[in-house]
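Residue numbers (this note's numbering): 1 to 110.
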């Protein structure tokens, strides 16, 4: 007997929705690459970096859904967020001030 794989329609809709968002990001930023990070019970985070250096992220309910969405969107997937991939991210004044604020006990309200 052939083994049949059950398809969860809700999961497939989520994959399609995430893939559409990833594709939109990629189109808006001249292409994109991504990395999927496991978040535990919360699911998985898809970090996207555009060719123009802009970045964003999405959260999927499971790691499997995140992987399928990235695959369906057709972008390059990295195993980790380091090296050349991380160097593509362009950060601005906002990100630097947030990072500095976190290091010294939170943002300052001057």
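Think of the CB as a built atom: it goes at the ideal place given N, C-alpha and C, for glycine as much as any other residue.
**Asked** Does the distance from the CB of residue 36 to the CB of residue 77 come in under 8 Å?
**Response** Locating residue 36 in the chain shown gives position 36, counting from the first residue. Locating residue 77 in the chain shown gives position 77, counting from the first residue. Yes. Within cutoff.
**Message:** Residues in the same chain with beta-carbon distance under 8 Å from residue 59, minus the five sequence neighbours each way, listed in chain order, please.
**Reply:** Your numbering for residue 59 matches position 59 in the chain shown. Cβ within range, chain order: 39, 42, 43, 44, 45, 46.
**Item:** For residue 31, the nearest candidate out of 67, 55, 80, 15 (CA to CA)
**Value:** Here residue 31 refers to the residue found at position 31 of the chain shown. Selected option, being the one with the closest Cα: 55.
**Closest Cα partner of residue 67 within the set 19, 7, 8, 88** = Numbered from its first residue, the chain shown carries residue 67 at position 67. That would be 19, whose Cα lies nearest to the Cα of residue 67.
**Asked** Where does the unbroken alpha helix (DSSP H) through residue 71 begin, and where does it stop?
**Response** Reading the chain shown from its first residue, position 71 is the one you call residue 71. Here the alpha helix (DSSP H) through residue 71 covers 63-73.
**Request:** Please look up how many angstroms separate the CB atoms of residue 53 and residue 88, rounded, as I've assumed it's under 8 Å.
**Result:** Taking the chain shown and counting its residues from 1, one reaches residue 53 at position 53. Taking the chain shown and counting its residues from 1, one reaches residue 88 at position 88. Indeed they touch by this definition, with Cβ atoms about 6 Å apart.
**From 79, 70, 49, residue whose alpha carbon lies closest to that of residue 158** = Missing from the structure shown is residue 158; the chain here goes from 1 to 110 and no further.
**Message:** At the level of alpha carbons, what is the spacing between residue 1 and residue 7?
**Reply:** As a working note, residue 1 is residue 1 in the chain shown. As a working note, residue 7 is residue 7 in the chain shown. Reliability fails at residue 1, whose pLDDT of 47 lies under 50, so the model's placement of it is uncertain and the value that follows must be treated cautiously. C-alpha separation (whole angstroms): 18 Å.
**Request:** Would you mind working out which of 72, 83, 23, 26 sits nearest residue 12, comparing C-alpha positions?
**Result:** Taking the chain shown and counting its residues from 1, one reaches residue 12 at position 12. It is 72.
**Prompt:** If you run the structure through DSSP and keep just helix, strand and coil, what is residue 110?
**Reply:** To locate residue 110, count along the chain shown from 1; it is residue 110. In this prediction, residue 110 scores a pLDDT of 48, lower than 50, which makes its location untrustworthy; the coordinate-derived value is nonetheless stated afterwards. In this structure, residue 110 counts as coil in the three-state DSSP scheme.
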